[in-house]
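Residue numbers (our numbering), protein chains in the order written: chain E, 27 to 252; chain X, 27 to 252. Even glycine gets a Cβ: it sits at the ideal position worked out from N, Cα and C.
There are 2 protein chains.
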Amino acid sequence: MNKTNAINRNPLHVQVANTMRDRIMQGALRPAERLNEVALCEDLDISRTPLREAFKLLEAEGLVTIRPHKGAIVAEISIQEISEVFDLLAPLEALGIRLAMTRMSAQEKSRIIALHDRMIAFYEAGDREGCFLSDYEFHNTLIAFARHDVLQSTHQSLSNRSQRGRYLAPRFDQQKLDATMAAHRKLIVAIKNDDVDQAARILEDHVVLTGQFVIDTLRESGVARD
Amino acid sequence: MNKTNAINRNPLHVQVANTMRDRIMQGALRPAERLNEVALCEDLDISRTPLREAFKLLEAEGLVTIRPHKGAIVAEISIQEISEVFDLLAPLEALGIRLAMTRMSAQEKSRIIALHDRMIAFYEAGDREGCFLSDYEFHNTLIAFARHDVLQSTHQSLSNRSQRGRYLAPRFDQQKLDATMAAHRKLIVAIKNDDVDQAARILEDHVVLTGQFVIDTLRESGVARD
DNA sequence: GATCGTAGAATTGCATACAATATGACTTCA
DNA sequence: TGAAGTCATATTGTATGCAATTCTACGATC
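Structure (structure tokens):
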């Protein structure tokens with residue numbers, strides 16, 4: 027059950043962390059932006075205690091930097107860091123798809139294919155934002171189907187950090203988008219054929235290439251420092 | 027500079043997290059043990075605020091589980107979880123040694139060899155505890171030499187979790203220790219020969235095997251649930 | 001003009017007080 | 001006997017107040 031009707035019983039600091047995470051990931055709070063405790067508390071209508079607890083969660087996720095006695099800031103994004111994040115994402119997604127392909131049900135397999143079809147629809151409609159979000163969901167769903175808690179949480183955290191870089195930069199140009207679609211198409215073929223090694227190879231290469239695309243785009247747009 | 031003379035300016039919650047981390051990793055606090063806030067505060071002579079902040083850090087590291095409105099407990103260790111942790115450690119250490127071997131200085135290389143020599147000394151003296159600690163340091167040092175912040179912090183966290191399992195279980199029996207030493211010896215040869223692919227392969231296999239050893243030992247001793 | 005020093009304001013760090021929730025023993029009633 | 005309800009207690013969650021630190025503006029000194 028999905029408990030969509032359950033009333034919100036999350037502790038305040040978790041709710042605060044959730045909204046802050048969204049704001050940071052989507053760029054509403056810019057990198058290096060100062061996070062003044064009292065100002066944020068007024069804005070969110072809470073006291074400083076749960077806010078400070080939320081900061082600790084977000085710091086562990088790499089989204090906030092706490093400078094002792096000097097206050098928290100939105101974690102800066104460096105091209106170096108994004109590059110490093112993709113260094114880890116590549117082998118982890120490869121591991122993920124290996125597990126997923128041995129564990130996922132026929133129903134889950136068709137869900138992956140459906141997600142891919144949806145991304146194609148966005149692509150053919152020229153909707154880059156749709157492609158962008160579909161892509162994110164596609165990869166996260168694959169990992170979810172690996173049924174591997176440690177991989178899941180580690181990937182989630184890294185994926186969020188990589189996604190920040192992508193929110194910050196403009197969307198891929200047509201050439202990069204074409205390459206992305208091509209990789210996904212090849213991946214789906216390998217999945218349909220149950221060719222685990224091939225799928226893992228394709229996905230790992232794809233993630234590495236995506237990392238390079240993101241970095242190129244960040245460099246060109248000049249939003250992140252080196 | 028190493029700032030060994032700098033006075034301790036860490037925030038309280040960081041110091042608290044450090045001592046709690048040690049206690050949990052070494053098993054002074056047992057898995058599933060209740061972490062009563064007021065009792066711990068009396069023991070540590072602090073107030074609840076920094077303690078609760080420390081809990082958040084430790085939860086992110088997988089060492090503590092916070093159950094809303096019910097209090098924190100020392101994170102339980104399941105064989106499943108330890109197994110999953112090693113699933114990630116293997117490809118990450120492989121990545122690490124690839125980076126380390128391309129980046130490390132001659133001096134760092136000899137440091138690795140020295141660590142290995144020290145482990146051999148412990149081995150030949152029949153000091154299993156020494157071997158155990160040397161092994162931990164050997165792997166962590168390799169990762170440090172990769173000069174890769176994201177890998178470093180991710181590995182640190184996973185390594186800590188795996189080490190908990192090892193603290194909990196008895197030390198390896200002679201057979202497992204022999205296999206470990208053999209793997210390290212082969213690894214050192216590959217490192218000396220600058221054979222990156224070979225080293226990465228050996229290390230990845232070694233980590234997988236270590237995972238199986240740890241799990242076997244835990245199973246036999248019956249300290250962790252499935 | 002530059003540097004250092006200093007006072008006061010702003011801000012974070014920590015402790016404490018109060019509110020909300022969970023726990024557990026006891027009672028009641030079938 | 002036992003299932004369910006109730007109340008007191010223990011514990012966690014949140015707010016607030018005080019202490020410690022940092023920042024800023026201004027003035028003194030060279």
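In the DSSP assignment, E/Val249 falls outside any beta strand (DSSP E), carrying neither H nor E. Contact of X/Thr91 with chain E is not assigned, every C-beta pair being separated by 8 Å or more.
Segment contact: the segment 205-221 of chain X against the segment 138-146 of chain X, three or more CB-CB distances shorter than 8 Å; contact assigned. When C-alpha distances from E/Phe112 are compared across E/Glu134, E/Gly88, E/Ser185, the shortest belongs to E/Ser185.
The shortest CA-to-CA distance from X/Leu66 to any of X/Leu235, X/Thr45, X/Glu246 is the one to X/Thr45.
As for any alpha helix (DSSP H) of minimum length 4 sitting wholly inside the segment 135-191 of chain E, the runs are 154-170, ordered along the chain. For X/Ile92, the enclosing beta strand (DSSP E) begins and ends at 90-93. Residue pairing from DSSP places E/Arg60 in a beta bridge opposite E/Ile99. Interface residue (Cβ-Cβ distance to chain X less than 8 Å): E/His165 is not classified as such. Legend: CB atoms of the segment 65-97 of chain X lying less than 9 Å from CB atoms of chain E belong to residues Thr75, Arg78, Glu79, Ala80, Phe81, Lys82, Leu83, Glu85, Ala86, Glu87, Gly88, Ile92, Pro94, His95. Residue environment for X/Pro57: buried (at least 16 other C-beta atoms within 10 angstroms of its C-beta).
The criterion of a C-beta distance shorter than 8 Å is satisfied by E/Leu83 and X/Lys82. Residue-level contact check: X/Val240 does not touch chain E, since none of the beta carbons of chain E fall below 8 Å from its beta carbon. Contact fails between the segment 146-153 of chain E and the segment 165-185 of chain E, because fewer than three Cβ pairs, one in each stretch, are under 8 Å apart.
For X/Gln106, the enclosing alpha helix (DSSP H) covers residues 105-129. A Cβ of chain E is located within less than 8 Å of the beta carbon of X/Glu107. Residue burial annotation: E/Arg93 is exposed, with fewer than 16 other C-beta atoms found within 10 angstroms of its C-beta.
CA-to-CA, the gap between E/Gln178 and E/Arg129 works out to about 14 Å. Taking the Cα positions, E/Asn219 is about 40 Å away from X/Arg192. Put simply, the CB of E/Leu203 is far from chain X, with every gap to its CB atoms at 8 Å or more. Between X/Ala116 and X/Glu230, the C-beta gap is smaller than 8 Å, which places the two residues in contact. The shortest CA-to-CA distance from X/Arg190 to any of X/Ala205, X/Leu89, X/Ser73, X/Asp204 is the one to X/Leu89. When Cβ-Cβ separations below 8 Å define contact, E/His174 makes contact with chain X.
Ranked by Cα distance from X/Gly53, the first of X/Phe239, X/Val100, X/Lys135 is X/Val100.
DSSP, reduced to helix, strand and coil, places X/Arg197 outside both helices and strands of the structure shown, so it counts as coil.
For X/Asp113, the neighbours in chain E by C-beta distance under 9 Å run, in chain order, Leu121, Leu125, His174, Val176, Leu177.
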